[in-house]
Structure formats: structure tokens, C-alpha cells
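Below is one structure; the comments refer to it alone.
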Amino acid sequence: MFSRRDLPALHRSVIEWFDTAARDLPWRSPDRSAWGVLVSEVMLQQTPVVRVLPVWAEWMARWPSPADLAAAAPGEAVRHWGRLGYPRRALRLHAAAVALVDRHGGAVPGTYGELLALPGVGSYTAAAVAAFAFGQRENVVDTNIRRVHARAVTGTALPARSLTAAEMRLAADLLPAEPAESVRWNAAVMELGALVCTARSPQCGQCPVRAACAWLAAGRPAPEYVPKGQAWAGTDRQVRGAVLAVLREAEGPVVRDVLLSGPIDLGLGGEGRLSAALSRLHRLGAPEEQRGRALAGLLDDGLAEETAAGIQLPA
DNA sequence: TAACCGTGGCG
DNA sequence: TCGCCAAGGTT
């Protein structure tokens, strides 16, 4: 266990590592806006950096301010979300942009509480934006930071199954007192988890805190539990994804029967994104009942109607 | 609390 | 090949 006396050295070694190893990400550029930081944080929820990069750049060019996105139709946000996954994030980001215009004069607020009140912004994202866009001292705790703390300090291979009060307390105890240093620390620990202290194959030989790591000292003990994998094949979620892909690629109304049954030859040939999306949906072979359920869920969330106006509602 | 919500790359 | 995993949020 780290004593409070060791903290300055710990902070220094991790931040010095960050200074040499940090990736050059556009939402870390001095040019980026608070809006850019917010968009990046939402896009990065459960989504790898490399996939976010091109979509973030396109969004920033298309909608450089909250007012720009708020003025667009919600469905445009969903379409330009592309295949990032969890598309309701796009709808919530649009709703957040509207809220920023309505309640904050079109600006991104700088406090944790105001950020937390925005759609799609939870405790992590609120803390991250307050810290990275506004330089505030916040207790930023994401999956990377949790894993680094679990290993280096607690000595376990994995953090708890779900975020615990004890983890939040530990993170708060480790946070540097100076705001500017706390921001660097948050970014540095996160980067360490993303690049070195990774889930699958940690590169302990390159770790700046290997000499102090409790997990390494204990001989890298195996996890105490097996993470529950996310079910995917055959789930409604998989069908939702395939249905939404068709709606997203369609330029006009989509005939309900095309979604609920198939395969249907639309005479579109084998090229084009719509054709590819239809092929994927048909290959799934999901029963009509499940397709109906997926479509109903998408309509319920406001994703289907926004994406393809004129769609016929399932009976 | 636990289930649900997408997608694609990698070990 | 295939299960695991990724800067979580909401209900």
C-alpha cells in the first residue's frame, strides 16, 4: 500500500512517463473547444480511440458548436454517428446540444453538477469534461484508472465488478492537490491503463510504477472472478444493430416488410451501403417476431423514426 | 443491482 | 476461431 509520503514520487513518475508516451489526440490539442472535449468523451464511452478519431473530426467540421448540432435534425446526428455503436449516444448528444442552447447560452458549462445534468452525461463524463476542458480538480474514474489502481495499489488483477465507494475513495486519496497537476495525473493514469497496464497483456516491463506495483510484487495473481461476457449472438441487440444499419443507410422511407421478413431482392445489386446493410440483416436469419421486437425498441428510443421518416409502424 | 444498449479488432 | 474488451449511461 502506498503511504501518503510516497505520493509525490508516484505522481512525478507517472506524469513524466505521460510527457513522453502520450498519444497526440486531437481533443487534447490546445485548439480544441470544450464542446470538442464533450463530444469526444461521449464518443469514447465503451468505444476505442482509433474508431472515434475520424468520426470526431467529421463532427467537429460539421457541427463546430453546440448551436450547430442543435439546429440539425436529431436523425442527422444518428446518421453521422456511423458505426460507432450505441447510437442512442448520438441522440443524447443532440439533446445535450439543445439543452446547452436553451439553458447555457450555447456554451458548455464548466462545473461537474451542470455537466451531470446533461443527457448522456454521467459521473465519469461530467468529471472528465470539467477536468480536461476546464482544468478543474475532479475525481475522474474510468475503466483504465480503475484497473491501474486495482493492480498498482490494491494488488488485484481486476477492479471490482462494479464501481464501488471504496474505489472512489482510493482515487480521491491519490489525486494531487494542485488542480493543474490533478488534470495531468488523471490523463496520465488513464493513458497508462490504455497503453501499458492493459486488460489483456499488460506491459509491466515498460511501466513507470513497476517497482511499486502491488500486483506485480504479488506475482501477478489471477483474477478473483470471471467477468461476465456480453451476450451477443442471437440477441435482440444484434438484430437492433442490423435493423438500424438499414435505416441509417436508407435515404428515404423503408418498407416495413423489408425489415421484418426476407431475404427480399430489391434489385439494388450487390453494391452500396444500403445493400450491404440489408444483406447483413438477412444473413442474421432472425425470426420475424424478433425483428419486430428490435424495430419496436428502436422506435421506442426515437432512433428509427429519426433515421428513416415514413417508416410504417409494426402492427 | 443487474440487465440492457453496438461494433469491430485483437489475443 | 471466438470470447474478450473498449475514456459508460440509463433504467
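Residue numbering for the first sequence follows the UniProt record's numbering, beginning at 1 and increasing consecutively. Glycine residues also receive a C-beta, built at the ideal position from the N, C-alpha and C atoms.
#1: Is there contact between the stretch 137-154 and the stretch 195-202, where contact requires at least three CB pairs shorter than 8 Å?
#2: Does the beta-carbon distance from Leu118 to Val129 come in below 7 Å?
#3: Taking buried to mean at least 16 other C-beta atoms within 10 Å of its own C-beta, is Ser182 buried or exposed?
#4: Rounded to whole angstroms, what is the Cα-Cα separation between Gly205 and His11?
#5: Three-state secondary structure (DSSP) at Glu178?
#6: In the DSSP assignment, the alpha helix (DSSP H) including Gln290 goes from what residue to what residue?
#7: Residues in the same chain with beta-carbon distance under 7 Å from Pro87, minus the five sequence neighbours each way, listed in chain order, please.
#8: Keeping to the same chain, check which residues put their C-beta closer than 8 Å to that of Ala277; ignore five residues upstream and five downstream.
#9: Closest to Arg283 by CA distance: which of Arg4, Pro54, Leu260 and Leu295 is it?
#10: Just to confirm before moving on: does the CB-CB distance between Val108 and Ala34 stay below 7 Å?
#11: Taking Leu91 and Glu306 to be in contact with their CB atoms under 8 Å, please state how far apart those CB atoms are, rounded to whole angstroms.
#12: Buried or exposed for Trp59, going by 16 or more other Cβ atoms inside 10 Å?
#13: Tell me whether Gly205 sits in a helix, a strand or coil according to DSSP, three-state version.
#14: By the three-class DSSP mapping on this structure, what secondary structure does Ala315 have?
#15: Going straight from the alpha carbon of Ala97 to that of Gly106, what length do you get?
#16: Which residue's Cα is closest to the Cα of Tyr124: Met168, Pro159 and Pro48?
#17: Just mark Ser40 as buried or exposed, buried being the case when its beta carbon has 16 or more other beta carbons within 10 Å.
#18: Just checking my contact of Trp236 with Gly297 at CB under 8 Å: how many whole Å lie between their CB atoms?
#19: Within 10 Å of its beta-carbon, does Cys213 have 16 or more other beta-carbons around it, so buried, or fewer, so exposed?
#20: Tell me which residue opens and which closes the alpha helix (DSSP H) that Phe132 is part of.
Reading it off the structure:
#1: yes
#2: As a position in the first sequence, residue 118 is number 118, starting the count at 1. As a position in the first sequence, residue 129 is number 129, starting the count at 1. Result no, Cβ atoms of Leu118 and Val129 do not sit closer than 7 Å.
#3: Your numbering for residue 182 matches position 182 in the first sequence. Ser182 is buried by the Cβ-count criterion.
#4: The residue labelled residue 205 in the question sits at position 205 within the first sequence. The residue labelled residue 11 in the question sits at position 11 within the first sequence. If I take the Cα positions, the gap works out to 19 Å.
#5: Along the first sequence, read from residue 1 onward, the residue named residue 178 stands at position 178. Looking at Glu178 - three-state DSSP - the assignment turns out to be coil, as it is neither helix nor strand.
#6: As a first step, residue 290 must be located in the first sequence, where it is residue number 290. It spans Glu288 to Asp300 - the alpha helix (DSSP H) in which Gln290 sits, taken as one unbroken run.
#7: The sequence position of residue 87 within the first sequence is 87, counting from 1. Correct list, in chain order: Val78, Trp81, Leu244 and Leu303.
#8: Reading the first sequence from its first residue, position 277 is the one you call residue 277. Closer than 8 Å at the Cβ level, and outside the excluded window around Ala277, lie Ala242, Ala245, Val246, Arg248 and Glu249.
#9: Mapped onto the first sequence, residue 283 falls at position 283. Considering only alpha carbons, the answer is Leu260.
#10: Against the first sequence, residue 108 aligns to sequence position 108. Against the first sequence, residue 34 aligns to sequence position 34. It is a contact, given that the beta carbons lie within the stated cut-off.
#11: By one-based count along the first sequence, residue 91 stands at place 91. By one-based count along the first sequence, residue 306 stands at place 306. Confirmed, Cβ separation roughly 7 Å.
#12: Indexing the first sequence from 1 puts residue 59 at position 59. Buried, since its Cβ has 16 or more Cβ neighbours within 10 Å.
#13: Here residue 205 refers to the residue found at position 205 of the first sequence. Looking at Gly205 - three-state DSSP - the assignment turns out to be helix.
#14: Working through the first sequence from its first residue, we reach residue 315 at position 315. Interpretation of Ala315 is limited by its pLDDT of 40, a score under 50 that renders its predicted location unreliable; the figure taken from the coordinates is listed afterwards. Note: Ala315 maps to coil in three-state DSSP.
#15: Sequence index remark: in the first sequence, residue 97 carries index 97 (1-based). Sequence index remark: in the first sequence, residue 106 carries index 106 (1-based). Cα-Cα distance, rounded: 8 Å.
#16: Within the first sequence, the letter at position 124 stands for residue 124. For Tyr124, the nearest C-alpha among the options comes from Met168.
#17: In the first sequence, counting from the first residue as 1, residue 40 sits at position 40. Buried, by the Cβ-count rule.
#18: Here residue 236 refers to the residue found at position 236 of the first sequence. Here residue 297 refers to the residue found at position 297 of the first sequence. First, the residue type needs correcting, since residue 236 is Asp and not Trp in the sequence shown. Confirmed, about 7 Å.
#19: In the first sequence, counting from the first residue as 1, residue 213 sits at position 213. Label assigned to Cys213: buried.
#20: As a working mapping, residue 132 is identified with position 132 in the first sequence. That run of the alpha helix (DSSP H) goes Ser123 to Phe132.
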